[in-house]
Structures are given as structure tokens and as C-alpha cells.
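A short worksheet on the structure shown next.
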Amino acid sequence: MSGVQIRNMVIEDYDEIFAMWQITSKRALSGADSYEAIERYLNRNRGLSQVAVTDGKIVGTVLAGHDGRRGFIHHMAVLPEYRRKGIAKAMAEKAIRKLMGEGIVKTHIFTYCDNMAGQGFWGSLGFEKREDIFVYSYEKKQK
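As numbered in this note's numbering, residues 17 to 159 make up the sequence shown, in order.
As C-alpha cells, then:
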């Protein structure tokens, strides 16, 4: 991870992180990832989301926040050419530490069923796959 700095994500990072998500997280993107929505998220969860930067370029992201009871990690992403250098692990561990600093002792991450690399990554950090619940989502339909 030489030469990589992990710092708090700020809304001024939006254009660069959204462009990165187009490469790394495209199928997970929705209207909830608009500039306005990310700005609300960052304001509500101040100092919890991170970016990894090298030579002035954002190469990794993690959105982290909580609802007062449970932590949530979203859009953990590292550009393909920067993977396997410990960046994701460092960002995840920092996000979890920051959530714990807010009194949050349980954090969730959602992965796609076919994302074996992601499942392996989170398992290696001590996250346990739940077999006892399903996730249901509601989204207001746009006309």
C-alpha cells in the first residue's frame, strides 16, 4: 500500500468517485448515488466514508454509515489496477474502527450472490454470511 493515503471522503470527490464506480460498481448504482443523495449521506455520517488516494488520484472508496444501531458499508471499490495491494482491507478496517467509535458494534455489507471475490474478501475480515434472513427492498417507482 506504499504511497496510498486513506482520507475522509468529501462531496468534492463526487465526480471522481462516481466515474470510478462506473468501472467497479456499475450494476450496484442507482438514483441513491446521485450527487445530492451522496451529499446527504456524507453529511449524516460525517467522517465515516473514506477514499484511497495515490498521486492525487482516487483509487478506492468505501461508503460507511449507520442508523444509530447498525453500521452499513456500501460501494467498497478499488480500481482494478490497484487491487491486491491491501487498499480495500485498510479502508474496510478504518471504516469499521470509525463506526465502532460511534458506538456501532455490528456492521453489515451486502454483496451480490455471484460476487465470489467480494464474499471471500468480507469473509476474510471476519464478516459472516447470514443464512437466516432475506433482504427485501422497496423503491418508489418513477413515472
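Idealized CB from N, CA, C, for every residue including glycine.
Keep in mind the model is a prediction, meaning the values are calculated, not measured.
Inter-residue spacing [alpha-carbon to alpha-carbon] between residue i and residue j
i	j	result
Y98	R56	29 Å
Y154	A48	12 Å
F143	T127	12 Å
G134	R85	24 Å
A104	D83	23 Å
E52	Q38	18 Å
L141	K157	36 Å
Cβ separation of residue i and residue j, assumed to be a contact under 8 Å, to the nearest whole Å
i	j	result
V75	V26	The Cβ separation is near 16 Å, so there is no contact.
K114	A68	Contact flag wrong, Cβ pair sits at about 15 Å.
Reduced DSSP category for residue i - H, G, I as helix; E, B as strand; rest coil
i	result
Q158	coil
I125	strand
Best match in the options for proximity to residue i [C-alpha to C-alpha]
i	options	result
F34	N24, I22, S50	S50
V94	K114, K42, L115	K42
G87	A111, F137, A106	A111
- Write down every uninterrupted run of the alpha helix (DSSP H) in the segment 58-120 whose length is 4 residues or greater and which is fully enclosed by it, in chain order. If only complete runs of 4 or more residues are kept, the segment 58-120 shows the alpha helix (DSSP H) at 103-117, in order along the chain.
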